[in-house]
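The structure appears below as structure tokens.
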Amino acid sequence: MGRRAKRRIPSIFGRVNLAFSRYFLVIPVCLQVIGCSNPDAGPTQHILVSTNPAGALCTLTRDGKTLGSVAETPGSIEISKSQSLLVITCSKPGFETAIYVDRGELDQTSVGNMIFRGSGLGQMVDAAGDNGRKYTKAPLIDLVPTSAKPSE
Amino acid sequence: MINIVQSFRIFVGSTLLATILSACGVVPAPSPVALKSPAHSIVVVSAIPKEISVGYEGAIAFGNESETINPGRWDLPDVAANAAKAALGDHFAVTTKSLATSPTDRNFNAVEFAGILKSQQATLGPADLYVVISPQYDTSQITQAAVGFHGFGISKRSNPFFTWPPIVHTFGIVALFDGADFKLIEQRNLQIDIEARAPLLEPQNHVGAEMISVGGVDRFVPVAPLSDAEWTGGWIKLTKDQKAEAQQKMTKLLDLSVRFTLEHLLETGKKP
Chain A
1 MGRRAKRRIP
11 SIFGRVNLAF
21 SRYFLVIPVC
31 LQVIGCSNPD
41 AGPTQHILVS
51 TNPAGALCTL
61 TRDGKTLGSV
71 AETPGSIEIS
81 KSQSLLVITC
91 SKPGFETAIY
101 VDRGELDQTS
111 VGNMIFRGSG
121 LGQMVDAAGD
131 NGRKYTKAPL
141 IDLVPTSAKP
151 SE
Chain B
1001 MINIVQSFRI
1011 FVGSTLLATI
1021 LSACGVVPAP
1031 SPVALKSPAH
1041 SIVVVSAIPK
1051 EISVGYEGAI
1061 AFGNESETIN
1071 PGRWDLPDVA
1081 ANAAKAALGD
1091 HFAVTTKSLA
1101 TSPTDRNFNA
1111 VEFAGILKSQ
1121 QATLGPADLY
1131 VVISPQYDTS
1141 QITQAAVGFH
1151 GFGISKRSNP
1161 FFTWPPIVHT
1171 FGIVALFDGA
1181 DFKLIEQRNL
1191 QIDIEARAPL
1201 LEPQNHVGAE
1211 MISVGGVDRF
1221 VPVAPLSDAE
1231 WTGGWIKLTK
1241 DQKAEAQQKM
1251 TKLLDLSVRF
1261 TLEHLLETGK
1271 KP
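Written out as structure tokens, the structure is:
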């Protein structure tokens, strides 16, 4: 076969060569896809639970159901993502039981969502599932000594 | 130093905003809540994150800056708990509990918190009433001047024509739950006594103070201006003195607003 002639396709700017048209079409599509949802989002996430001081027993609950526990902080646990509040309760002898409530944040880490944040398109797509919210990856929970509890 | 052009823009913007706000109506002063049965014991749950928001909202989204930072030992949860105890302590048996929370972009949800109170009752202790203090994300019902701002933090707005002074704000809510069935009794925005707030509007000739004083909608809203009108957002751009001013004003706003709201809500401001 002889040398292939460059194909040309019609466009709003007239006839341009295929290579340029390809980029012209692909770049906006990529941005839109990135902006619509977080490609790194999955159904689960790891949470590293730490306390100050360390060595506490922490239990993770959501909607009244126990998801799991960390026998001795710091420790990691994998949980499913959800729109619901995550409650972490930590106890250690000599310290007040600490309650930590993670209300989750809208995941706006993707470049697309940041660029198109004003449009809300990405948030709408994410909100349709549970991928849009993420809990704090490594919460640090302060434990207050029983004797040091504020005046009550 | 604020140059003349910048000063003029701030002045014009503030005056216009104050005029608009004055015409929009007035947030009523807080009124007392009617309890079904007398309460004797109260557990105050201070559900305030250690982090605050710092933001700048410009005319276009690309100029916006928003970050959540831990300012260090500002002890805002303790400030709120102590203010609540001061407001209620003479009338009720009050215990306080700081409930650590993550920074969030979602509104306070009474149903969710009722579930937490119920499941954590053993830790929180029994009470006739539970009082939850929390930041509020959606501030559109609190103040039109603060649209775009949320929770506890430092914010500044501008557009191509006007620049509003930076403000410190403690947009939050107080929610009362029944200690028996954990149902929400009442939920109110944090409000502040305008006379008590007056010292926070210093310097008095600051245009931000004028804006807040004149703006009818903002009369009871816990906001106070920062001195440096040139600041364009970003925690790292604040000097040590500016951070100290922000801490002092935010701590005072939170203390005053929690006291004022609870004293009016449960009528403890009046001497028995």
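Listed in order, the protein sequences are those of chains A and B. Just so you know, we're using the working numbering here: the first sequence kicks off at 1 and counts up by one. Just so you know, we're using the working numbering here: the second sequence kicks off at 1001 and counts up by one. All C-beta atoms in this analysis are idealised placements derived from N, C-alpha and C, irrespective of residue type, glycine included. It should be emphasised that the depicted structure is a prediction, and the values quoted were computed from it without experimental measurement.
| Item | Value |
| --- | --- |
| Mind checking residue 1122(B): buried by the 16 CB within 10 Å criterion, or exposed? | exposed |
| If you run the structure through DSSP and keep just helix, strand and coil, what is residue 1180(B)? | coil |
| Does residue 1073(B) come within less than 9 Å of chain A when only Cβ atoms are used? | no |
| Could you tell me the alpha carbon to alpha carbon distance between residue 1113(B) and residue 1100(B), rounded to whole angstroms? | 13 Å |
| Roughly how far, in whole angstroms, is the beta-carbon of residue 59(A) from the beta-carbon of residue 66(A), given that I think they are within contact range, below 8 Å? | 6 Å |
| With a cut-off of 9 Å, does the C-beta of residue 1036(B) fall near any C-beta of chain A? | no |
| Within 9 Å of any Cβ in chain B, is that where the Cβ of residue 54(A) sits? | no |
| For the segment 57–71 of chain A, which residues have a beta carbon sitting closer than 8 Å to at least one beta carbon of chain B? | 61, 63, 64 |
| Just checking: is the beta-carbon of residue 49(A) within a distance shorter than 9 Å of some beta-carbon in chain B? | no |
| Quick check: residue 1175(B) and residue 1131(B), are their CB atoms within less than 9 Å of each other? | yes |
| Taking only beta-carbon atoms, is residue 1053(B) less than 9 Å away from chain A? | no |
| Check the Cβ of residue 141(A) against every Cβ in chain B and list those closer than 8 Å, keeping chain order. | 1100 |
| If you draw a straight line from the C-alpha of residue 1120(B) to the C-alpha of residue 1126(B), how long is it? | 10 Å |
| Within 10 angstroms of the Cβ of residue 1050(B), are there 16 or more other Cβ atoms? Answer buried if so, exposed if not. | buried |
| Can you tell me which residues form a DSSP beta bridge with residue 1135(B)? | 1172(B) |
| For residue 1260(B), which three-state DSSP category applies? | helix |
| Mind checking if residue 1106(B) is an interface residue toward chain A, Cβ cutoff 9 Å exclusive? | yes |
| Would you please state the rounded distance, in angstroms, between the beta carbons of residue 1066(B) and residue 1055(B)? I believe it to be under 8 Å. | 4 Å |
| For residue 1086(B), which residues in the same chain have their Cβ closer than 7 Å to its Cβ, ignoring the five residues on either side in sequence? | 1259 |
| If we count Cβ pairs, one from each stretch, closer than 8 Å, do we get three or more for the segment 1076–1092 of chain B versus the segment 1254–1269 of chain B? | yes |
| Which of the residues in the segment 1107–1120 of chain B, read from start to end, lie with their CB under 7 Å from any CB of chain A? | 1112, 1115, 1116, 1119, 1120 |
| Here's the rule I'm using: 16 or more other beta-carbon atoms within 10 Å means buried, otherwise exposed. How should residue 123(A) be labelled? | Confidence at residue 123(A) is low in this model, with a pLDDT of 49, below 50, so its placement is unreliable and the value that follows should be read with caution. Classification for residue 123(A): buried. |
| For a quick check, are the C-beta atoms of residue 1155(B) and residue 1167(B) less than 9 Å apart? | yes |
| How many Å lie between residue 1247(B) and residue 1074(B) at the Cα? | 7 Å |
| Classify residue 53(A): buried if its beta carbon has 16 or more other beta carbons within 10 angstroms, exposed otherwise. | exposed |
| Quick one: give me the first and last residue of the beta strand (DSSP E) that residue 1079(B) is part of. | First-last for residue 1079(B): 1076–1088, but that is the alpha helix (DSSP H), not the beta strand (DSSP E). |
| Taking the C-alpha atoms as reference points, what is the distance between residue 1262(B) and residue 1193(B)? | 12 Å |
| Taking the alpha-carbon positions, what's the residue 99(A) to residue 90(A) distance? | 7 Å |
| Examine chain A for any beta-carbon lying closer than 9 Å to the beta-carbon of residue 1097(B), and answer yes or no. | yes |
| Just the C-alpha distance for residue 1195(B) and residue 1257(B), rounded to the nearest angstrom, thanks. | 12 Å |
| How should residue 42(A) be labelled, buried or exposed, when 16 other C-beta atoms within 10 angstroms of its C-beta is the threshold for buried? | exposed |
| Mind reading off the beta-carbon distance from residue 1181(B) to residue 1040(B)? Whole number of angstroms is fine, and I expect it under 8 Å. | That belief does not hold up - the Cβ atoms of residue 1181(B) and residue 1040(B) are roughly 17 Å apart, past 8 Å. |
| Is any beta-carbon of chain A found at less than 9 Å from that of residue 1080(B)? | no |
| Any C-beta of chain B sitting closer than 9 Å to the C-beta of residue 44(A)? | no |
| Under 8 Å between beta-carbons, which chain C residues line up against residue 1123(B)? List them in chain order, please. | Here the protein chains are A and B, and chain C is not one of them. |
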